[in-house]
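A quick write-up on the structure given underneath.
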Amino acid sequence: MIDAKQIRGKVVVVTGGARGIGLATATALQTLGAQIAIGDIDEAAVKEVGTARGFELYGKLDVTDQNSFESFLDDVERTIGPIDVLINNAGIMPTGKLVDEPDQVTRRILDINVYGVILGSKLGLRRMLPRGRGHIINIASLAGETHIPGLATYNASKHAVLGFTDTLREEYRGTGLHFSSVLPTLTNTELGAGVTAPSLLRPAEPEEIADAIAELIVAPKSKVRVTALAGFIAQVVGLLPEKLGDGIGRALGSGRAFLDDVDADQRKAYEERARGV
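Okay, here's the thing in structure tokens:
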């Protein structure tokens, strides 16, 4: 049971907050009494859900643009108050073999998934350090601890997020700030459209990720993996000899899940949006 008293009144910023994990998280934290600001590159969508949910602040946010990000955070602090929690959630997951990935898509993945997280964390730090308090939560992925065919650049981006967040945790040890990574398995959102989860690993619901983030805010720790089973399997496989670990991954279907088993028609709308088509 989450203690709402430890979340009530906190000012929480969620990037990529118009849909999926971001929206589920903003909604869950609002229910627990947090004051919510969501930003998203999709201006129409963020205004629609922000109005419908009654969030304290919502608006267009391009996490790859420093002026956009800084202006958004300034608006939050001017309108609501000092930021307590910054959740760098915005991210994209185009699928396919690397040899077929256009360079502009490669750059787009890295710009949003890596640079956007680094930029957001830097801007958050500049606000939180003088106060001696704050929590930066970066949404990574279990892909950041594994290697999944069809997601080479995405895997690279999430490995980067994990290494980056762990480094901040040590670099700013003793400052009063907290740094956490969230590692979801394949999640039942538009990002996972048309993808069949590997054997034994059901997709996580966005509400499960939201609950895990709420628990992190109440009791900060460096990492949380969702689902627990998927996280356990990923950790165990990572400790095994390479041939055995890779063989288990193939047996579970990880080699096909994001390549041969993808339903291209179901995934078409998301792929076009993620690729900026």
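Each residue of the sequence shown is one higher than the one before, starting from 993 at the first, in this note's numbering. We put the beta carbon where it would ideally sit given N, CA and C, even for glycine. Bear in mind that the values here come from a model prediction, so they are computed numbers and not experimental data.
Fewer than three pairs of CB atoms, one per stretch, sit closer than 8 Å, so the stretch 1190–1206 makes no contact with the stretch 1146–1158. Under the rule that a run must span 3 or more residues, the beta strand (DSSP E) segments found entirely inside the stretch 1060–1101 read 1077–1080.
Taking C-beta atoms as the reference points, SER1246 and PRO1195 fail to come closer than 9 Å.
Within the DSSP bridge table, the entry for TYR1050 names ILE1030 as partners. Note on LEU1236: under 16 other CB atoms within 10 angstroms of its CB, so exposed under the neighbour-count rule. Pairing ASP1257 with THR1188 gives a Cβ-Cβ distance that is not under 9 Å.
Rounded to whole angstroms, the Cβ separation of VAL1003 and PRO1074 is 6 Å, and the two are in contact under 8 Å. Fully enclosed beta strand (DSSP E) runs of no fewer than 3 residues occupy 1169–1176 of the stretch 1169–1210, in order along the chain. For HIS1127, the beta-bridge partners assigned by DSSP are VAL1077 and HIS1170. Within the model, the alpha-carbon separation for GLY1168 versus GLU1162 is close to 12 Å. Ranked by Cα distance from GLN1022, the options LYS1150, LEU1192, ALA1249 and GLN998 are led by GLN998. In the three-state DSSP reduction, ARG1161 falls in the helix class (H, G or I).
In the assembly as shown, VAL1006 is a buried residue. Its beta-carbon has 16 or more other beta-carbons within 10 Å. In the DSSP assignment, ARG1217 forms a beta bridge with LEU1175. Taking THR1098 as the centre and dropping the five residues before and after it, the same chain places the C-beta of THR1145 closer than 7 Å to its C-beta, in chain order.
By the neighbour-count criterion, in which a residue is buried when 16 or more other Cβ atoms sit within 10 angstroms of its Cβ, ASN1059 is exposed.
ALA1026 is positioned such that its CB atom lies closer than 9 Å to that of VAL1077.
Three or more Cβ pairs closer than 8 Å define a contact, and the stretch 1169–1176 meets that threshold against the stretch 1216–1234. In this structure, GLU1048 and ILE1072 form a Cβ contact; the two beta carbons are roughly 5 Å apart against a cut-off of 8 Å.
For the pair LYS1089 and LEU1244, the CB atoms are not nearer than the 9 Å cut-off. If the five residues before and after ASP1034 are omitted, its C-beta is found closer than 7 Å to the C-beta atoms of ALA1010, all from its own chain and listed in chain order.
Following the DSSP letters along the chain, one finds THR1043 inside the alpha helix (DSSP H) bounded by residues 1035–1045.
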